[in-house]
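>
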Amino acid sequence: ETGVTQTPRHLVMGMTNKKSLKCEQHLGHNAMYWYKQSAKKPLELMFVYNFKEQTENNSVPSRFSPECPNSSHLFLHLHTLQPEDSALYLCASSQDTGEVYEQYFGPGTRLTVT
Amino acid sequence: GDSVTQMEGPVTLSEEAFLTINCTYTATGYPSLFWYVQYPGEGLQLLLKATKADDKGSNKGFEATYRKETTSFHLEKGSVQVSDSAVYFCALTRDVAGGTSYGKLTFGQGTILTVHP
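Quick mapping for you: the protein sequence lines, in order, are chains R and G.
Quick note on numbering: the first sequence equals residues 23 to 136 in our numbering.
Quick note on numbering: the second sequence equals residues 184 to 300 in our numbering.
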């Protein structure tokens, strides 16, 4: 595997379910990010981790719970979601945080909440 | 706060036509500016970037010039191909005072480009 991978690629869940999204980067980077891409809205940064420490929580509801066990893996745990949470969730990584470091994106997980 | 505004899409062109996608931004200080491209079913890829005023970023025939006086970073290509069909995102990031940043990218809403043979 190369680059940034995300699983699953598609997920359908009910509002009472609990599920997790997984992201793995094979680039030796230290920073990882979760973004939400909704239809007709700009990409929204959700969380930033640098060296496994959360450095940014962009006012995300507590029904989204991130976990970063090491610099290569990032999870997004989901519970009691709402239909408006349906979106494409993108993971990204970079060597470090800061504007000089390019972010590399995964293909995303298409989430549908029914 | 920081913001990025892109021209409304979708944009539909014939092959070999000239492309312009407008992007303007609002930010204090001196942001870095980016264009990302998202092909169907894929994640975002960095297309080009510029880190200071009057810099020109270029890649794969695409160009954009950082214009501080007009706070713009318009994307251009002289002759588009069918393979350029994708969604294009303008974005900025800005180091906070002290030279450190948490890497926050602020994106525009994206512009869908469709190129017909």
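Glycine residues also receive a C-beta, built at the ideal position from the N, C-alpha and C atoms.
No experiment lies behind these values; they were computed from the predicted model shown.
1) In three-state terms, what does DSSP make of G:S268?
2) Mind listing, in chain order, the continuous alpha helix (DSSP H) runs of no fewer than 4 residues lying wholly within the stretch 66 to 96 of chain R?
3) Using a Cβ-Cβ distance cut-off of 8 Å, determine whether G:E191 contacts chain R.
4) Counting contacts by CB-CB distance shorter than 8 Å, is G:G212 in contact with chain R?
5) Round the Cβ separation of R:F69 and R:P91 to the nearest angstrom and send it over; I've been treating them as touching at under 8 Å.
6) I'd like to know whether the C-beta atoms of R:A53 and R:N72 end up nearer to each other than 8 Å.
7) Thinking just about the alpha-carbon of each residue, which of G:T188, G:G240, G:L202 is nearest to the one in G:A269?
8) In chain order, what residues of the same chain lie with their CB nearer than 7 Å to the CB of R:E46, ignoring the 5 residues before and after it?
9) Whose C-beta lies closer than 6 Å to the C-beta of R:T136 among residues of the same chain, with five residues either side of it excluded?
10) Alpha carbon to alpha carbon, what distance is there between G:Y271 and R:Q59?
11) Which residues, in order along the stretch 221 to 239 of chain G, keep a beta-carbon less than 9 Å from a beta-carbon of chain R?
12) Which residues in chain R sit within 7 Å of G:G184, going by Cβ to Cβ distance?
13) At a CB-CB cut-off below 8 Å, which residues of chain R make contact with G:G291?
14) Rounded to whole angstroms, how far is the Cβ of R:L100 from the Cβ of R:S42, which I believe are closer than 8 Å?
15) Mind reading off the beta-carbon distance from G:L196 to G:V263? Whole number of angstroms is fine, and I expect it under 8 Å.
16) Could you check what DSSP says for R:E106 in three-state terms: helix, strand or coil?
17) Pairing CB atoms from the stretch 222 to 229 of chain G with CB atoms from the stretch 122 to 129 of chain R, are three or more of them under 8 Å?
18) At a CB distance below 9 Å, what residues from the stretch 258 to 275 of chain G approach chain R? Give them in sequence order.
19) Rank R:G25, R:L33, R:T24 by C-alpha distance to the C-alpha of R:P105 and give the top, closest one.
20) CA-CA distance, R:H51 and G:E246?
21) Please say whether G:Y213 and G:K239 have beta carbons closer to each other than 8 Å?
22) Going by the beta-carbon positions, is the gap between G:T276 and G:V194 smaller than 8 Å?
23) Could you check which residue in R:W56, R:A61, R:K62 has the C-alpha nearest to that of R:S81?
24) Quick one: is G:L274 buried, meaning 16 or more other Cβ sit within 10 Å of its Cβ, or exposed?
Taking the coordinates as given:
1) If DSSP states are grouped into helix, strand and coil, G:S268 belongs with coil.
2) DSSP runs (the alpha helix (DSSP H)) wholly in the stretch 66 to 96 of chain R: none.
3) Cβ-Cβ to chain R under 8 Å: no for G:E191.
4) Not one chain R Cβ lies under 8 Å of G:G212.
5) A Cβ-Cβ distance of about 14 Å is found for the pair R:F69 and R:P91, leaving them out of contact under the 8 Å criterion.
6) Yes; because the gap between Cβ atoms is below 8 Å, this pair is in contact.
7) Taking each of G:T188, G:G240, G:L202 in turn and checking the Cα distance to G:A269, the smallest one comes out for G:L202.
8) Answer for R:E46: T27, S94, H95, listed in chain order.
9) Here the set comprises G36.
10) One C-alpha to the other measures close to 13 Å.
11) Listed in sequence order: Q221, G224, E225, G226, L227, Q228, L229, K232, T234.
12) Simply none; closest approach about 11 Å.
13) Those are P64, listed as they occur along chain R.
14) Correct: roughly 7 Å between the Cβ atoms.
15) So it is a contact: roughly 6 Å between Cβ atoms.
16) Annotated three-state conformation of R:E106 is helix, per DSSP.
17) Segments in contact, yes.
18) Residues passing the 9 Å Cβ filter: F272, A274, L275.
19) Checked all of R:G25, R:L33, R:T24; the closest Cα to R:P105 is R:L33.
20) So the two alpha carbons sit approximately 28 Å from each other.
21) In this structure, G:Y213 does not lie closer than 8 Å to G:K239 by Cβ.
22) With a cutoff of 8 Å on beta-carbon distance, G:T276 and G:V194 are scored as not near each other.
23) Selected option, being the one with the closest Cα: R:W56.
24) The question names Leu, but residue 274 of chain G is Ala in the sequence shown. Classification for G:A274: buried.
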